Amino acid sequence: MTFELITALAAFAFVSSITPGPNNLMLMASGANFGFRRTIPHMLGVGLGFVFMVLLVGAGLVQVFDAYPISHTILKALSVAYLLYLAWKIANAAPIADKGDKGTPMTFLQAAAFQWVNPKAWTMALTAVTVYTPDTTLWAIATVAVVFGAINLPSVSSWTLLGQQMARVLTNPARLAAFNWTMAVLLVASLYPVIFP
């Protein structure tokens, strides 16, 4: 893999990782509702889960979609349904003081598994593997995964920090509820390119 190709991949990884999408909106909401430290497993699940996804997509999952196009349609429907469910949970999140022990951020495994139903993650992984790997060798795919992992984790962490800083403003239940509903609406809006390509 050439230096120019790695540079282009790094630029793509940064732009696609830092821009709003389901992961970043949920991390911002989690940062606001639970703080940075309690959101670390969620952030690690996003970062490492996506790296694992790139490896598997590169290793041949794309061929499954080519052989069985219905599998892509099924995954798309499940993704939309799950994102709508998550939007509902975000919109109805109670203030931390009202939650007691019930309020918990997404776990590492939940965040890692979420990558498989996240339309933006699929787009990023498929693009990275098909555009930025000069061949389908394990080395090329691993390089793409490592570059994405190195750039993705700091990018998603910035959204959690933004949410944590916003928590200073979201000190009363009405403002927190408005923030959570706004995040939920933006999460649903992020489905527009998936539903209406």
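Okay, so the sequence shown: first residue is 55 according to my numbering, each after it adds one. Ideal placement from N, C-alpha and C gives every residue a C-beta, glycine not left out. Given the structure is predicted, the values throughout are model-derived calculations rather than measurements.
Judged by their CB atoms, Asn206 and Ser84 are not nearer to each other than the 8 Å cut-off. Gly203 and Thr56 have their alpha carbons spaced roughly 19 Å apart. In this structure Ala131 is exposed. Its beta-carbon is surrounded by fewer than 16 other beta-carbon atoms within 10 angstroms.
By the 16-neighbour rule on beta-carbons within 10 angstroms, Asn172 is buried. Note that the segment 214–234 does not touch the segment 104–124; fewer than 3 beta-carbon pairs, one per stretch, sit closer than 8 Å. Sixteen is the threshold: when 16 or more other Cβ atoms of the shown chains lie within 10 Å of the Cβ of Leu81, as they do, the residue is buried. Pairing Ala182 with Val108 gives a Cβ-Cβ distance under 8 Å.
Excluding the 5 residues flanking it on each side, Leu241 has same chain C-beta neighbours closer than 8 Å at Pro76, Leu79, Met80, Leu137, Leu140, Ala141, Ile144, in chain order. Relative to Phe162, the option among Val185, Arg91, Val223, Asn87 whose CA is nearest is Arg91.
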